[in-house]
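To start, the structure under review is shown below, and the notes come after it.
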């Protein structure tokens, strides 16, 4: 009896039904995870809210999912952060922009929670939504939300409200804008310092939406109030607002209206306010314009460099070069450089470290003679500073200093500091100085470097910390690139080979790392006569770690050998026999890495017809 033919459409229908059933099961699991005790499960489910919403459909998402999510507001903070972010992605799942206002209710509640990071994310999502809502929905749904948050009993809702005004202001008619300006002003005058801080942070963004008349009137008045606030945590934020207002005002308006605010903040009794002004000094100066800076900004800056508080001096010291670029060269030489000379001996180590970063930039601005008179003594003193960060910051800017004072004076001052840093107890300090060695090499030249610093570079290969030894091998490769392979053959390779017989197995292992790293920068004859024989000799080392690192080294070098016709025969004559011997080693790790290297060696070379170096 003939079998019934299979109906393709029926089979497809069954498959579709099965797929739909699987999807519904997956969605059901995600919905269950929304209620799971484990926070990671809840996080996973919330990150998949678009999947759940798509399966439920627009109507059920609006009527069932969103009310359910509303009950999750008491969840962990990390869950609420993700929820606030994902809610803004559900617009299409609700049925399009016409239904986006349904997302406002849960976001409004999240915007009022205690944790600031959660509120910030909710504010971001609300700002995103107000930009896409229909105009009538903005007035019907978003404005009431903004009013409720602005008049909320708890300060948390009012702080969130401050961040919504700028984006809302753009979407409402002129008569409503007047109301929004008055409501924002109430937040600036709120009883809670936290709300006033939030308003101060939002002021510059809100002010950018105001027309010129309102900016010069209401916006400026709010800035003046914040700058005179009783809390220094509020006043210091007014310093940041000065930058935005300065860019929006004309030079004449800056001089008339903003300059008095700037001077008051620069002389504020709170060091935190003065610190903020010093931190933003260059940005404020640029916003105010060159004429005002030349006449009014130098004296306050000099006061910051001599401020009683170390934090203020540190902030100002880190802005010296930036400010020197905005004033005449004579002002930089006659007014700033004497302060630099005093600051180099500052009791605050962080102020000295901040200054050390700026010396090279000042040298470029003031020129050779002032550099010799003022900055060279400063530089020499910084190189002998007790605080390692000061010495490192100076050394990191050697290139510019060298251009200004020349290599002879540079080397006389630098070498003692380098040797001292290289022996610092903190290994990270030693690591940092290694990274600057190739830069020093370019400045000093091969002969001078070999005489004065090569011993130091070789000593790092024996450091007790692996990260230092590893950095030292990379340093040798970079030195080879600076001075050339010929120099490395004479100056480095023999000394590295000598370490292959060192009693300490860590030093012998470093030999493998160093030669493997340098091989790419060396000519074929050096690899054949020095590098490979030394590495292969260590394949008979009694320490298994040495032997399997030989296998790893050969695995790295075989592709390199294959790329160069002059070294291609070394694969079969030297590398492969060694790996075959190691593949029968008594140690399992050695055999593993040897087999892996042999398998890697069977791959074709990356390039062909390469010429010998």
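Residue numbers (our numbering): 44 to 656.
Note that beta-carbon positions come from the ideal geometry of N, C-alpha and C, so glycine has one too.
At a Cβ-Cβ threshold of 8 angstroms, residue 241 and residue 206 count as neighbours.
Following the DSSP letters along the chain, one finds residue 87 inside the alpha helix (DSSP H) bounded by residues 82-90. Per DSSP, reduced to three states, the secondary structure at residue 553 is helical. DSSP assignment within the segment 389-469 yields the following whole alpha helix (DSSP H) runs of 4 residues or more, N-terminal first: 392-409, 419-426, 431-438, 441-448 and 450-465. The C-beta distance from residue 142 to residue 208 rounds to 25 angstroms, too long to meet the 8 angstroms contact threshold. In this structure residue 471 is exposed. Its beta-carbon is surrounded by fewer than 16 other beta-carbon atoms within 10 angstroms. Under the three-state reduction of DSSP, residue 274 is assigned to coil, being neither helix nor strand. Burial is judged here by how many other beta carbons sit within 10 angstroms of a residue's own beta carbon; residue 513 has at least 16 and is buried.
Rounded to whole angstroms, residue 533 and residue 497 show a C-alpha spacing of 12 angstroms. About 13 angstroms separates the beta carbon of residue 95 from that of residue 126, a gap too long to meet the 8 angstroms contact definition.
Its Cα nearest to that of residue 216, the residue 186 stands out among 186, 230, 203 and 195. Distance between residue 262 and residue 213, taken at the CA atoms: about 16 angstroms. In the three-state reduction of the DSSP assignment, residue 200 falls in the helix class.
Comparing alpha-carbon positions, the option among 328, 324, 368 and 369 lying closest to residue 359 turns out to be 324. By a beta-carbon distance limit of 8 angstroms, residue 625 contacts residue 594. Their separation comes to about 5 angstroms. The beta-carbon separation of residue 199 and residue 157, rounded to 6 angstroms, stays under the 8 angstroms limit for a contact. Boundaries of the alpha helix (DSSP H) around residue 337: 333-339. Taking 8 angstroms as the cut-off, the Cβ atoms of residue 567 and residue 526 do not count as close. With a 10 Å radius around the Cβ and a threshold of 16 neighbouring Cβ atoms, residue 600 comes out buried.
Residue 436 counts as buried, since at least 16 other C-beta atoms from the protein chains shown sit within 10 angstroms of its C-beta. Straight-line measurement puts the Cα of residue 398 at about 16 angstroms from the Cα of residue 409. Contact annotation, residue 341 with residue 320: C-beta distance approximately 14 angstroms; criterion of less than 8 angstroms not satisfied. In this structure, the alpha-carbon of residue 253 lies about 50 angstroms from that of residue 475. About 19 angstroms separates the CB atoms of residue 286 and residue 239; that is not less than 8 angstroms, and the two are not in contact. For residue 630 against residue 587, the beta-carbon gap comes to about 4 angstroms, under 8 angstroms, which counts as contact.
Going by DSSP, residue 536 is part of the alpha helix (DSSP H) stretching over 536-541. Residue environment analysis places residue 413 among the buried positions, since at least 16 neighbouring C-beta atoms fall within 10 angstroms of its C-beta. In terms of CA proximity to residue 352, 318 leads the group 522, 318, 107 and 464. If you draw a 10 Å sphere on the C-beta of residue 164, you find 16 or more other C-beta atoms in it, and that means buried.
The beta carbon of residue 344 sits closer than 7 angstroms to the beta carbons of 324, 359 and 366 from its chain, once the five residues preceding and following it are set aside; these are given in chain order.
Judged by beta-carbon spacing, residue 603 lies within the 8 angstroms limit of residue 562, meaning their Cβ atoms are closer than that value. Ranking 622, 202 and 219 by CA distance to the CA of residue 232 puts 202 first. For residue 296, the three-state secondary structure derived from DSSP is helix. Pairing residue 392 with residue 430 gives a Cβ-Cβ distance under 8 angstroms. As the crow flies, the alpha-carbon of residue 338 is around 14 angstroms from that of residue 375.
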